[in-house]
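Asker:
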Amino acid sequence: MGKPVWLYLVCAILAFWCTVSLVKAEDAYRYYTWTVTYGTASPLGFSQEVILINGQFPGPKLDLVTNDNVILNLINKLDEPFLLTWNGIKQRKNSWQDGVLGTNCPVPPNSNYTYKFQAKDQIGTYTYFASTLMHRAAGAFGALNIWQRSVISIPYPKPDGDFTFLIGDWYKYNHKTLQQKLDSGLTLPFPDGLLINGQTHSSFSGDQGKTYMFRISNIGLKTSFNFRIQNHKMKLIEVEGSHVVQNIYDSLDVHVGQSATVLVTLDQPAKDYYVVSSTRFTEQVLIATAVLHYTNSQTTVSGPLPAGPPNDTAWSLNQARSFRWNLTANAARPNPQGSFHYGHIPITKTFVLANSAPLINGKQRYAVNSVSYVNPDTPLKLADHFNIPGVFSLNSIQSTPSGGSPTYGVSVFETSLHDFIEIIFQNNENYLQTWHLDGYDFWPVGYGDGQWSQASRAQYNRDDALTRHTAQVYPSSWTAILVSLDNQGMWNLRSAVWEEQYLGQQLYLRVYNPTPSLANEYDMPTNVLLCGKAVGRHP
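Here the numbering used here is used: the first residue of the sequence shown is 70, the next is one more, and so on.
Put into structure tokens, the structure is as follows:
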């Protein structure tokens, strides 16, 4: 006798809700309380004041799964206002949580703010760090790793473990002393050291024959580095959220603000091996070393440090061009990355952004198209939301280099939701630049010498350029990126070299739709901090 129809209906309903529950269970809520304080550490061998998060330097590692919801209560126990920004996190429809001075009021001393955001449709290696003043120079940074959901495949075998490498330059000076130098019109001196996870020497252990994931991030202030492992090859698998063609490298250049993920198989004789990072394109080379320890090793590390690549930008440029999108692999979503044919989308707007290092009123500043950015007392996002006049103007910067006298300004470009834009970073200086765009990833489609022109588009990679959030621009050269503006809000485009950002090399993109819709952007959070001309307004 067949089962009654109602029983089939009940089973179908139960199966549906079990599936829904499974999906919802993976969009977990993760709650954190982080307290920011001053403390002491000895990263260069002598005691220094640093910024601790929950007593840790670097700060706690934030391990998430794609689509996790983060509720993070930040308690500021410093004597200065403070913000964290989430480097590379898209903050989909939610620039309210971006954590930079153009979108958020800083958290006052002895106060708190609760960040609420989702790691929506992302996977990969990222970082977080302080966006206020020169706090980043004191260690207010950490790792932010996003793992794939269980229902999403990855284009490589599951590694046997993972290691995080937060690598960056470091100063012996207090962060307030560095800020005073910049405020007085000076530039920063050359860094005093290079650190791996806040140390000049560290150790990582793994089993012979197993394969490990190495997450490598440049968390420094101004210098690129090259990363290599004695007698070991590295298979590149992911760059800032993109699964890439899995080329094998002896060493990798990583520029300020960038991240990359490699697989390393411990396939050498059982002993200890050097892990080396060294600065690039600097007259004085800073080196930080770590030890890769085989657990069955009876032999300590020995021999000369593995040599780095030639100290010229041509080698680095060729390596950058070798990074390609894995078109058949998915990233955080199940659809292949290559199903988005970015190279065939009409460009709606072009911005040519030339950096410069002018003196204004006798003080060192940095500028974009002759405008050196100054943070207003009122965040741009609040001024835009409340229609507060006198905070910013949409015509305060030209979309191509003006050649005019350098001036101070609050630079905002007007763009529309769903524009597909082209940005050319024109570097006329004799040193490497690095640019980051909050809220987005983009396609770095072209690198070239000299001055960009419309004819330079013939050099673009319109097929398999990877996506990333931070791009380098080589000396006296240009880099072109394409960006799909699918994320409404007020988004910071800045130099990742922190002194240049601090002294004006940044601007904002206002990605706008005149019709309010929760499908495009979330409402202002009820716990929003108000400052400047927004004080007294009602969220």
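Cβ coordinates follow ideal geometry from the N, Cα and C atoms, glycine included.
How is N611 classed by DSSP in three states: helix, strand or coil?
Answerer: With the chain covering 70 to 608 only, the question about residue 611 has no answer from this structure.
Asker: State the DSSP-derived secondary structure class of D252, mapped to helix, strand or coil.
Answerer: Along the sequence shown, read from residue 1 onward, the residue named residue 252 stands at position 183. Three-state result, D252: helix.
Asker: Compare the beta carbon distance of N444 and A423 with 8 Å and say whether it is the shorter of the two.
Answerer: Within the sequence shown, residue 444 is the residue found at index 375, counting from 1. Within the sequence shown, residue 423 is the residue found at index 354, counting from 1. No, these two residues do not count as a Cβ contact at 8 Å.
Asker: With a 10 Å radius around its C-beta and 16 neighbouring C-beta atoms as the bar for buried, classify Q587 as buried or exposed.
Answerer: Here residue 587 is taken as the residue at index 518 of the sequence shown, counted from 1. One detail in the question is off: residue 587 reads as Leu in this sequence, not Gln. Exposed, by the Cβ-count rule.
Asker: For the beta strand (DSSP E) that contains H413, what are its first and last residues?
Answerer: Within the sequence shown, numbered from 1, the residue matching residue 413 stands at position 344. Here H413 belongs to no beta strand (DSSP E), and DSSP marks it neither H nor E.
Asker: Going by beta carbon distance, what residues of the same chain come within less than 6 Å of L463, once the five residues before and after it are set aside?
Answerer: Here residue 463 corresponds to residue number 394 of the sequence shown, with the count starting at 1. So the qualifying residues of the chain are V481 and E483.
Asker: To the nearest angstrom, how far is the alpha carbon of S546 from that of G124?
Answerer: Stepping through the sequence shown from its first residue, residue 546 is reached at position 477. Stepping through the sequence shown from its first residue, residue 124 is reached at position 55. Spanning the two alpha carbons is a distance of roughly 43 Å.
Asker: Apart from the five residues just before and just after T280, which ones in its own chain have a Cβ nearer than 8 Å to its Cβ?
Answerer: Position 211 of the sequence shown holds residue 280. Taken in chain order, the residues that qualify are P226, P228, D229, L332, V333, T334 and L335.
Asker: Taking all protein chains shown into account, decide if S200 is buried (16 or more other Cβ within 10 angstroms of its Cβ) or exposed.
Answerer: Looking up residue 200 in the sequence shown gives position 131. By the neighbour-count rule (16 or more Cβ atoms within 10 Å), S200 is buried.
Asker: Which same chain residues, not among the five before or five after L451, have their C-beta less than 6 Å away from its C-beta?
Answerer: As a first step, residue 451 must be located in the sequence shown, where it is residue number 382. A603.
Asker: Please report the residue range of the alpha helix (DSSP H) in which Y581 lies.
Answerer: In the sequence shown, counting from the first residue as 1, residue 581 sits at position 512. No alpha helix (DSSP H) holds Y581; the beta strand (DSSP E) holding it covers Q575 to Y581.
Asker: Distance, Cα to Cα, A376 vs S346?
Answerer: Counted from its first residue, the sequence shown places residue 376 at position 307. Counted from its first residue, the sequence shown places residue 346 at position 277. Spanning the two alpha carbons is a distance of roughly 10 Å.
Asker: Apart from the five residues on each side of it in sequence, which residues of its chain come closer than 6 Å, Cβ to Cβ, to A207?
Answerer: The residue labelled residue 207 in the question sits at position 138 within the sequence shown. Within the same chain, A207 has close Cβ partners V119, I120 and H244.
Asker: Do Q187 and N136 have their C-beta atoms closer together than 8 Å?
Answerer: On the sequence shown, residue 187 is found 118 positions in, with the first residue counted as 1. On the sequence shown, residue 136 is found 67 positions in, with the first residue counted as 1. Contact flag set, yes.
Asker: Identify whether A401 lies in helix, strand or coil by the three-state DSSP scheme.
Answerer: Against the sequence shown, residue 401 aligns to sequence position 332. It is coil, neither helix nor strand.
Asker: To the nearest whole angstrom, what separates the beta carbons of D341 and V360, a pair I think is in contact under 8 Å?
Answerer: For this step, residue 341 is matched to residue 272 along the sequence shown. For this step, residue 360 is matched to residue 291 along the sequence shown. Right, their Cβ atoms sit about 5 Å apart.
Asker: Would you call P373 buried or exposed, if buried means 16 or more other Cβ atoms sit within 10 Å of its Cβ?
Answerer: Here residue 373 is taken as the residue at index 304 of the sequence shown, counted from 1. It counts as exposed.
Asker: What is the rounded straight-line gap between the Cα of L91 and the Cα of Y98?
Answerer: To locate residue 91, count along the sequence shown from 1; it is residue 22. To locate residue 98, count along the sequence shown from 1; it is residue 29. Caution is warranted here: a pLDDT of 39 is assigned to L91, below 50, making its placement in the model unreliable, and the coordinate value is therefore given only provisionally. Whole-angstrom Cα-Cα distance: 14 Å.
Asker: What does G275 pair with, by DSSP beta-bridge criteria?
Answerer: Here residue 275 is taken as the residue at index 206 of the sequence shown, counted from 1. Beta-bridge pairing links G275 to Y363.
Asker: Does DSSP classify L247 as helix, strand or coil?
Answerer: To locate residue 247, count along the sequence shown from 1; it is residue 178. L247: helix per DSSP, three-state reduction.
Asker: If you draw a straight line from the C-alpha of M593 to the C-alpha of F151, how long is it?
Answerer: Residue mapping note: residue 593 aligns to position 524 of the sequence shown, counting from 1. Residue mapping note: residue 151 aligns to position 82 of the sequence shown, counting from 1. Looking at the two C-alpha atoms, the distance is approximately 20 Å.
Asker: Give a yes or no on whether the C-beta atoms belonging to D510 and T536 are separated by under 8 Å.
Answerer: For the purposes of this step, residue 510 is identified with residue 441 of the sequence shown, where counting begins at 1. For the purposes of this step, residue 536 is identified with residue 467 of the sequence shown, where counting begins at 1. Yes, Cβ-Cβ distance for D510 and T536 is below 8 Å.
Asker: Which full runs of the beta strand (DSSP E) of 3+ residues lie inside the segment 470-555, going along the chain?
Answerer: As far as the segment 470-555 is concerned, its whole beta strand (DSSP E) runs of at least 3 residues are 476-478, 481-485, 489-496, 502-506, 512-518, 539-542 and 546-553.
Asker: Short of 6 Å in beta carbon distance, which residues of its chain neighbour G267, apart from the five on each side in sequence? Order them along the chain.
Answerer: Reading the sequence shown from its first residue, position 198 is the one you call residue 267. Hits under 6 Å: P112, F126 and P127.
Asker: Just the Cα atoms here: how many angstroms apart are T88 and L213?
Answerer: Your numbering for residue 88 matches position 19 in the sequence shown. Your numbering for residue 213 matches position 144 in the sequence shown. Its pLDDT being 37, under 50, T88 is placed unreliably by the model, and nothing is read from it.
Asker: Taking the alpha-carbon positions, what's the N380 to F350 distance?
Answerer: Start at 1 with the first residue of the sequence shown, and residue 380 comes out as number 311. Start at 1 with the first residue of the sequence shown, and residue 350 comes out as number 281. Taking the straight line from one Cα to the other gives about 6 Å.
Asker: Consult DSSP for K432 and reduce its assignment to one of helix, strand or coil.
Answerer: The residue labelled residue 432 in the question sits at position 363 within the sequence shown. Of the three classes helix, strand and coil, the one that applies to K432 here is strand, per DSSP.
Asker: Is it the case that the Cβ atoms of S465 and V479 are separated by a distance below 8 Å?
Answerer: Mapped onto the sequence shown, residue 465 falls at position 396. Mapped onto the sequence shown, residue 479 falls at position 410. Against a cut-off of 8 Å, the Cβ pair of V479 and S465 comes out as a contact.
Asker: Along the beta strand (DSSP E) that carries E307, what are the first and last residues, could you check?
Answerer: Locating residue 307 in the sequence shown gives position 238, counting from the first residue. M303 to V308 is the span of the beta strand (DSSP E), which, as asked, contains E307.
Asker: Any idea if K93 is buried or exposed, counting beta-carbon neighbours within 10 angstroms, 16 or more meaning buried?
Answerer: Counting from 1 along the sequence shown, the entry for residue 93 is found at position 24. Because the pLDDT at K93 is just 47, under 50, the model does not fix this residue reliably, and the point stays unresolved.
Asker: Quick check on R205: buried or exposed, where buried means 16 or more other Cβ atoms within 10 Å of its Cβ?
Answerer: On the sequence shown, position 136 is the one that residue 205 refers to. Result: buried.
Asker: Going straight from the alpha carbon of L131 to that of S385, what length do you get?
Answerer: As a working note, residue 131 is residue 62 in the sequence shown. As a working note, residue 385 is residue 316 in the sequence shown. Going from the Cα of L131 to the Cα of S385 covers about 30 Å.
Asker: Please report the residue range of the beta strand (DSSP E) in which T382 lies.
Answerer: Position 313 of the sequence shown, counted from the first residue, corresponds to residue 382. Where T382 is concerned, there is no enclosing beta strand (DSSP E), although the alpha helix (DSSP H) it sits in stretches over T382 to S391.
Asker: Could you tell me the distance, in whole angstroms, from the CA atom of H362 to the CA atom of Q299?
Answerer: Position 293 of the sequence shown, counting from 1, holds the residue named residue 362. Position 230 of the sequence shown, counting from 1, holds the residue named residue 299. One C-alpha to the other measures close to 12 Å.
Asker: Counting Cβ pairs, one atom from each stretch, are 3 or more of them under 8 Å apart for the segment 573-580 and the segment 520-530?
Answerer: Result no; under three Cβ-Cβ pairs closer than 8 Å.
Asker: Who does E118 pair with in a DSSP beta bridge?
Answerer: Residue mapping note: residue 118 aligns to position 49 of the sequence shown, counting from 1. E118 pairs with T109.
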